[in-house]
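Quick notes on the structure that follows.
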Amino acid sequence: RARHEHSRHVRYEKGQDEQHQRRLALARDLGAAVEQDQLTMVYQPKIMAGSGAVMGFEALMRWHHPDFGFVPPDEFIALAEQSGRMALLTHWMLRTVCRQIDLWAQQGEVVSVAVNLSAHDVMDVTLPERIHLLLQDYQLGPERLRLEVTESALIRDPALAQGNLIALRNAGLHIAVDDYGTGYSSLSQLKRLPVQELKIDKSFVMKLDHDSEDRIIVRSTIELAHSLGLSVVAEGVETEASKRLLVTMGCDVLQGYLISRPLPADQVIDWIGQYRE
Ligand code: C2E
Ligand code: CA
Ligand code: CA
Ligand code: CA
């Protein structure tokens, strides 16, 4: 408790300058983070809303900085994008995830994993080939690796993103629009991109059980997405009440703390076993 109060106190006193110093230091240390094994991936389960079956996992990056401790991905991913280091992180992430999928298969669990791509990644013309080579290296079918791209990344340069996504789609990868509802795109804009899935942002899902406006937004998003042939994932499912509502609304896939927090790789097989019991 004392420690918690102390860290809060420190946060209040932190000035602009200290924030700036932190950002500079973190951006500087991103390269070392990859080289010195400070990054890890954690994996959060997704389940089918109807049957409850495990549908797959989302891979999320973690950074344990030697001085700053845990750095939230929202913070360091943005810094990586700004400082031109995103490709380095994504490259490491894709290889780590593919290797992990292969390791689980050797232990008898065939799973598919969704990875997050940043705005920089979707506009990188070498991405489709890099992913192709990785899948080949680990002998994974394209259905084993799924892609999540934020709405805002997709509409930054739709023409460039589209070329890449079509190549990946043609190679058999499944693509989801992430953080749906937080950007300003329309479904008709997104429909022109080769995406199959829409992930409703947790900001709409978390208050579902006591916010009637969020219920209206989520219900109509699910209906519209379905009528366009897209499947719908809800992230941020934290309560049984929200889960029941989403099932009733016809949501296809659920993800959130109610089902499980993101797990270290070495807990995934045990989690699947216990969940199935
Ligand atoms: P995201 O892709 O929207 O991921 C969902 C975030 O919601 C994750 O936060 C996850 O831990 C959290 N979450 C899941 N279920 C719940 C819940 O029930 N309640 C609440 N309150 N939160 C929940 P996380 O891991 O901190 O990641 C934040 C963001 O950082 C991600 O948002 C994604 O945009 C980005 N990110 C994480 N890993 C990567 C990566 O490898 N590459 C890229 N480009 N971005 C990443
Ligand atoms: Ca995501
Ligand atoms: Ca989100
Ligand atoms: Ca996000």
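The opening residue of the sequence shown carries number 496 in UniProt numbering; numbering runs sequentially from there. Virtual Cβ for every residue (Gly too), placed ideally from N, Cα, C.
Got a sec, what are the start and stop residues for the alpha helix (DSSP H) E530 sits in? It spans 511-530 - the alpha helix (DSSP H) in which E530 sits, taken as one unbroken run.
contact_flag[the stretch 676-694, the stretch 725-734] where n(CB pairs < 8 angstroms) is 3 or more: With a cut-off of 8 angstroms, the stretch 725-734 and the stretch 676-694 count as touching, because enough Cβ pairs lie within range.
With ligand 3 as the reference, list in chain order each residue whose Cβ lies under 5 angstroms from any of its heavy atoms. That gives D674, D696.
Given that a residue counts as buried once 16 or more other Cβ atoms are within 10 Å of its Cβ, and exposed if not, what is H716? Per the sequence shown, the amino acid found at residue 716 is Thr instead of His. T716 is classed as buried because its beta carbon has at least 16 other beta carbons within 10 Å across all chains shown.
Three-state secondary structure (DSSP) of I542: Taken through DSSP and simplified to helix, strand or coil, I542 comes out as strand.
Determine, using beta-carbon pairs with one atom in the stretch 532-541 and one in the stretch 756-766, whether at least three such pairs fall under 8 angstroms. A contact exists between the stretch 532-541 and the stretch 756-766.
When you compare only the Cα positions, how much space is there between E643 and W558? In a straight line, the C-alpha of E643 is about 20 angstroms away from that of W558.
Mapping DSSP to helix, strand and coil, what is A565? In the sequence on display, residue 565 carries Phe and not Ala. Three-state result, F565: strand.
Mind checking which residues open and close the beta strand (DSSP E) that includes D616? Per DSSP, D616 belongs to no beta strand (DSSP E); it is in the alpha helix (DSSP H), 614-617.
On the DSSP bridge assignment, give the partners of Y675 in chain order. Answer by DSSP bridge pairing, in chain order: I695.
Evaluate contact between the stretch 650-669 and the stretch 616-630, counting only Cβ atoms and requiring at least three cross-stretch pairs below 8 angstroms. Yes, since at least three Cβ pairs between the stretch 650-669 and the stretch 616-630 fall closer than 8 angstroms, the two stretches touch.
Using a Cβ-Cβ cut-off of 7 angstroms (strictly less than) and excluding sequence neighbours within five positions of R594, which residues of its own chain qualify? Sequence-distant Cβ neighbours of R594 in its own chain, meaning closer than 7 angstroms and more than five residues away, are Y633.
Any heavy atom of ligand 1 closer than 8 angstroms to the Cβ of E553? Yes; taking the cut-off as 8 angstroms, the Cβ of E553 has a heavy atom of ligand 1 nearer than that.
Please identify the residue among D512, D569, G545, T743 whose C-alpha is closest to the C-alpha of T645. That would be D569, whose Cα lies nearest to the Cα of T645.
Measure the Cβ-Cβ separation of L612 and L622 and say whether it is below 9 angstroms. Yes, the Cβ-Cβ distance between L612 and L622 is below 9 angstroms.
Backbone CA spacing between E604 and D597 [nearest angstrom]: Each residue's Cα considered, the two are about 9 angstroms apart.
Answer yes or no: the CB of E570 versus the heavy atoms of ligand 2, is any distance below 8 angstroms? No; taking the cut-off as 8 angstroms, the Cβ of E570 has no heavy atom of ligand 2 nearer than that.
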